[in-house]
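Under the UniProt record's numbering, the first residue of the sequence shown is numbered 1, with each subsequent residue one higher.
Data first, discussion second: the structure below is written as structure tokens.
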Amino acid sequence: MYRKAMLPSAPGLKVFSLGSLARLSTIMRKQMHYISRFIQETFDDFATFDTSEQHMILHLFMTCLWELEGSYWTYRNLPAQQIEKMMLTLTTYSDLNNLEYLIMNKDEPQDICQLKQVITSLQMHIRATLLDQMRSIILSEVEFVALLALSLWSQSELITTSKPYLNNKEPRQFEGKISRF
1 MYRKAMLPSA
11 PGLKVFSLGS
21 LARLSTIMRK
31 QMHYISRFIQ
41 ETFDDFATFD
51 TSEQHMILHL
61 FMTCLWELEG
71 SYWTYRNLPA
81 QQIEKMMLTL
91 TTYSDLNNLE
101 YLIMNKDEPQ
111 DICQLKQVIT
121 SLQMHIRATL
131 LDQMRSIILS
141 EVEFVALLAL
151 SLWSQSELIT
161 TSKPYLNNKE
171 PRQFEGKISR
181 F
């Protein structure tokens, strides 16, 4: 079931590469246009939001997408025993034993040890909260797509992070297209 990741010589198998922050940033920026366009064309109500609300929704969704997608591709492509490796995108992964590659060429001066601790903590948190659950329920692609759709319109995120919603007693309704989670 699992592809043998990191073995580029095996015929017919996908080749994954270590991800760097610069490469991830490029990938995410390129995805943003297409994801934004998909949301605008799929959900008519998205156009009724002002620009700041649209940006907030996209920002929250991209964070959820990154966590869910990385967990899903890790679940699908890497053996459970490789706990030090986690997919970041469909083609890139991080390795807790080689975080220098991930954070190389950073322009901002940062404490490398502290950054490694943050990345390790985040990766282990994602593994414990998402990836292990995906493995235990044997998540299908259809279920994964449904999970992505639910994360896009997570009302609890919209209510707690958007100032206009803090003053309202009722969350903004999307004409019956979603229900309270």
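Ideal Cβ positions, reconstructed from N, Cα and C, are used throughout, including at glycine.
Residue span of the beta strand (DSSP E) that contains residue i, given as start and end
i	result
Lys-14	Here Lys-14 belongs to no beta strand (DSSP E), and DSSP marks it neither H nor E.
Thr-92	92-95
Met-104	Premise fails: Met-104 is in no beta strand (DSSP E) and is neither H nor E.
Of the listed residues the options, nearest to residue i (C-alpha basis)
i	options	result
Arg-23	Thr-92, Gln-133 and Asp-50	Thr-92
Ile-57	Leu-88, Gln-40, Leu-68 and Ile-112	Gln-40
Lys-14	Ala-146, Leu-150, Phe-144 and Thr-74	Thr-74
Ile-144	Trp-66, Thr-26 and Met-124	Before going further, note that residue 144 is Phe rather than Ile in the sequence given. Of the candidates Trp-66, Thr-26 and Met-124, the one whose C-alpha sits nearest the C-alpha of Phe-144 is Trp-66.
Thr-63	Ser-136, Met-134, Met-28 and Met-87	Met-28
Ala-149	Phe-16, Phe-38 and Gln-31	Phe-38
Limits of the unbroken alpha helix (DSSP H) element including residue i
i	result
Thr-51	51-77
Glu-41	21-42
Cβ-Cβ distance between residue i and residue j below 8 Å
i	j	result
Leu-21	Leu-78	no
Ser-71	Leu-152	no
Leu-139	Leu-68	no
Leu-88	Gly-19	yes
Arg-135	Ala-47	no
**Prompt:** Looking at C-beta atoms only, is the number of pairs between the region 113-128 and the region 95-103 that lie closer than 8 Å three or more?
**Reply:** Contact between the region 113-128 and the region 95-103 is present, because at least three Cβ pairs lie under 8 Å.
**Request:** Please list the segments of the alpha helix (DSSP H) lying wholly inside the region 110-158, counting only runs of 4 or more residues, in order along the chain.
**Result:** Those alpha helix (DSSP H) runs which fall completely within the region 110-158 and span 4+ residues are 112-126, 132-137 and 141-152.
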